[in-house]
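Notes for the one structure printed next.
There are 2 protein chains.
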Amino acid sequence: MSEIAIKTVDDLKNLDRFYRANFINSMVGSKQASLIGTVGKNSCTNLSLFSSTTHLGSNPPLIALFSRPATKEPKQTLNNIISTGFFTINHVNEGILVRSHSCSFKFLDHESEFDSCALTEEYHDGITAPFVKESFVSMGLEYRRHFPIEENGVIMIIGEVKLVRYNKQYIQSNGELNFERSKSIAVAGNNTYYGLNKIKTLDYIDRSQKKILTKSVQDESNKTSKEISKEV
Amino acid sequence: MSEIAIKTVDDLKNLDRFYRANFINSMVGSKQASLIGTVGKNSCTNLSLFSSTTHLGSNPPLIALFSRPATKEPKQTLNNIISTGFFTINHVNEGILVRSHSCSFKFLDHESEFDSCALTEEYHDGITAPFVKESFVSMGLEYRRHFPIEENGVIMIIGEVKLVRYNKQYIQSNGELNFERSKSIAVAGNNTYYGLNKIKTLDYIDRSQKKILTKSVQDESNKTSKEISKEV
């Protein structure tokens, strides 16, 4: 227990600016690393690495993205989404990790990340935004609206899923994809990448099954206590 | 390539309701599994499993949570956050996975998930919400505001980080925590849990380093092509 550190908001204020940003960003835990595909008014395609894709609902299927404040430098992704009305979300996988991370490089407006980072454009009916062919799980979305979070100017973008594209062998019987098989990549903070190893799929326990719940809670709790007493 | 499946929005509409919900929710990829700790007006503590914690900014340190529509059943977590002004976010780890998942069971208002699921309350100065002692990475937050997403009534809750609690040995030199060491758990959809294995921390590449970028992109691309040609 002596290794547990507590930091208050005042401690956080005294940290180096970049260290603090990495620390706070990583504290929310692991997030999916995704490439957002768009196309600009100049017809140049764009890819940008995001880790803020958030499920908002399934009916209609809505997803949110968070973009840095509009006051900071031109936001190609946001501008392209608004002007064309479409974007794609493509899971980063192990085979394209370095290329995906490289999409964060500040390329110029007329330079496509697809060309510069050796990734391949793919198009599907009705979605006027490029998919990443090398990705195993992708969605095509239609832009719904965006608005600023008043506290810090971050832009929340809401999109509706219009098309999904995935490898059939990755889908489980309950409808959930298996991201160990798709080698999808999680990210913490801005820089640290993780592979996923599936532990298990747990069923929802309803009120008629309280005995099962009590037993499984007790089993895990006993196991942990045993492990702790072994260490002592 | 023949294994790639495409589903349009009409295909999605024809899926079984629960299958579709699992599918769409899991498509956004892996998310951090966290227990949200609160206390009710009746002084009973509450824990609820969320996978929607989203980083909104580091200065001030803001985090968003998404709660199901307020019209559906009493939302203890949301009500407790509003009435006390505080909540905690605690990473689920491998040792408490079953107990954390069990917090989704519909306990009654006067039943604490801490007792029912064999987890331990811990308190820190100024935060009137319980931390999960068994968690290795936790935050104490002050409620800022909440509002409904008009498209589907989902409630977005914004909180400000006031205290962080973590094991010192999990922090990397750049400020990011190592979630392989903390055995933090990711979740996809509502039911499938993953462990994280760290692949690498990649540095940001600035404009002066374009040669490095070009080489690393080329190296990965060649490697992948080689692997593909090996398979053929």
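From first to last, the protein sequence lines stand for chains A and B.
Per this note's numbering, residue 0 is the first one in the first sequence, and the count goes up by one each step.
Per this note's numbering, residue 0 is the first one in the second sequence, and the count goes up by one each step.
Backbone N, C-alpha and C define an ideal beta-carbon position, used for all residues, glycine too.
Host alpha helix (DSSP H) of residue i (start-end)
i, result
"residue 83 of chain A", "75-83"
"residue 12 of chain A", "8-12"
"residue 135 of chain A", "Segment: none, residue 135 of chain A is in no alpha helix (DSSP H) and carries neither H nor E."
Contact belief for residue i with residue j at Cβ below 8 angstroms, rounded distance in angstroms
i, j, result
"residue 137 of chain B", "residue 87 of chain B", "6 angstroms"
"residue 161 of chain A", "residue 8 of chain B", "5 angstroms"
"residue 151 of chain A", "residue 56 of chain B", "4 angstroms"
"residue 128 of chain B", "residue 36 of chain B", "5 angstroms"
"residue 176 of chain B", "residue 155 of chain A", "Not really, about 25 angstroms apart at Cβ, beyond 8 angstroms."
"residue 79 of chain A", "residue 45 of chain A", "6 angstroms"
"residue 180 of chain B", "residue 5 of chain A", "The pair is not a contact, with the Cβ atoms about 19 angstroms apart (cut-off 8 angstroms)."
"residue 90 of chain B", "residue 135 of chain B", "7 angstroms"
"residue 82 of chain A", "residue 40 of chain A", "6 angstroms"
"residue 53 of chain B", "residue 65 of chain A", "7 angstroms"
"residue 34 of chain A", "residue 131 of chain A", "5 angstroms"
Sub-9 angstroms separation of residue i and residue j beta-carbons
i, j, result
"residue 51 of chain B", "residue 63 of chain B", "yes"
"residue 139 of chain A", "residue 85 of chain A", "yes"
"residue 226 of chain B", "residue 194 of chain A", "no"
"residue 174 of chain B", "residue 19 of chain A", "yes"
"residue 103 of chain B", "residue 47 of chain B", "yes"
"residue 13 of chain B", "residue 188 of chain B", "no"
"residue 92 of chain A", "residue 121 of chain A", "no"
"residue 197 of chain A", "residue 192 of chain B", "yes"
"residue 212 of chain A", "residue 101 of chain B", "yes"
"residue 117 of chain A", "residue 144 of chain A", "no"
"residue 96 of chain B", "residue 96 of chain A", "no"
"residue 61 of chain A", "residue 148 of chain B", "yes"
"residue 203 of chain B", "residue 190 of chain A", "yes"
"residue 124 of chain B", "residue 75 of chain B", "no"
"residue 105 of chain B", "residue 206 of chain A", "yes"
"residue 153 of chain B", "residue 115 of chain A", "no"
Residue range of the unbroken beta strand (DSSP E) whose run includes residue i
i, result
"residue 195 of chain B", "191-200"
Check: residue i C-beta below 8 angstroms from any heavy atom of the ligand SAM
i, result
"residue 189 of chain A", "With respect to the ligand SAM, the structure shown offers nothing to examine, as it has no ligands at all."
Short CB-CB distance (under 9 angstroms) between residue i and chain C
i, result
"residue 225 of chain B", "Absence of chain C from the displayed structure is noted, the protein chains being A and B."
Next on the checklist: If we require 3 or more residues per run, which beta strand (DSSP E) segments fall completely within the region 94-131 of chain A?
Outcome noted: 120-123 and 126-131
Checklist entry - Taking only runs of the beta strand (DSSP E) that begin and end inside the region 144-189 of chain A, which ones reach a length of at least 3 residues, in chain order? => result 154-166 and 184-187
Checklist entry - Can you give, in chain order, each stretch of the alpha helix (DSSP H) that sits fully within the region 13-75 of chain B and has at least 4 residues? => result 16-26
Item to check | Residues within the region 196-219 of chain A neighbouring chain B, beta-carbon criterion of under 9 angstroms | outcome: 196, 197, 198, 199, 200, 201, 202, 203, 204, 205, 206, 208, 209, 212, 213, 215, 216, 217, 218 and 219
Checklist entry - In the region 34-46 of chain B, which residues sit with their C-beta less than 9 angstroms from some C-beta in chain A, listed in chain order? => result Correct list: empty, as no residue qualifies.
Checklist entry - What residues in the region 129-145 of chain B have a beta carbon less than 8 angstroms from any beta carbon of chain A? => result For the region 129-145 of chain B, residues whose beta-carbon sits nearer than 8 angstroms to a beta-carbon of chain A comprise 133, 136, 138 and 143.
Checklist entry - Going along the chain, which residues of the region 84-112 of chain A sit with their C-beta nearer than 8 angstroms to a C-beta in chain B? => result 88, 90, 93, 94, 95, 96, 97, 98, 100, 101, 103, 104 and 105
Checklist entry - If contact means a Cβ-Cβ distance below 8 angstroms, which residues of the region 168-179 of chain B contact chain A? => result 168, 170, 171, 173, 174, 175, 176, 177, 178 and 179
Item to check | Contact residues within the region 48-63 of chain A, judged by C-beta distance below 9 angstroms to chain B | outcome: Cβ proximity to chain B below 9 angstroms picks out 50, 51, 52, 53, 54, 55, 56, 57, 58, 59, 60, 61, 62 and 63 from the region 48-63 of chain A.
Item to check | Against chain A: residues of the region 65-81 of chain B by CB proximity under 7 angstroms | outcome: 65
Checklist entry - When you check each C-beta in the region 181-197 of chain B against every C-beta of chain A, which residues fall closer than 8 angstroms? => result 183, 184, 185, 187, 188, 189, 190, 191, 192, 193, 194, 195, 196 and 197
Item to check | Where the region 111-127 of chain B meets chain A: residues whose CB sits under 7 angstroms from a CB there | outcome: Per Cβ criterion, the list reads 116, 117 and 123.
Next on the checklist: Output needed in chain order: residues of the region 20-31 of chain B with a Cβ under 8 angstroms from some Cβ in chain A.
Outcome noted: 20, 21, 22, 23, 24, 25, 26, 27, 28, 29, 30 and 31
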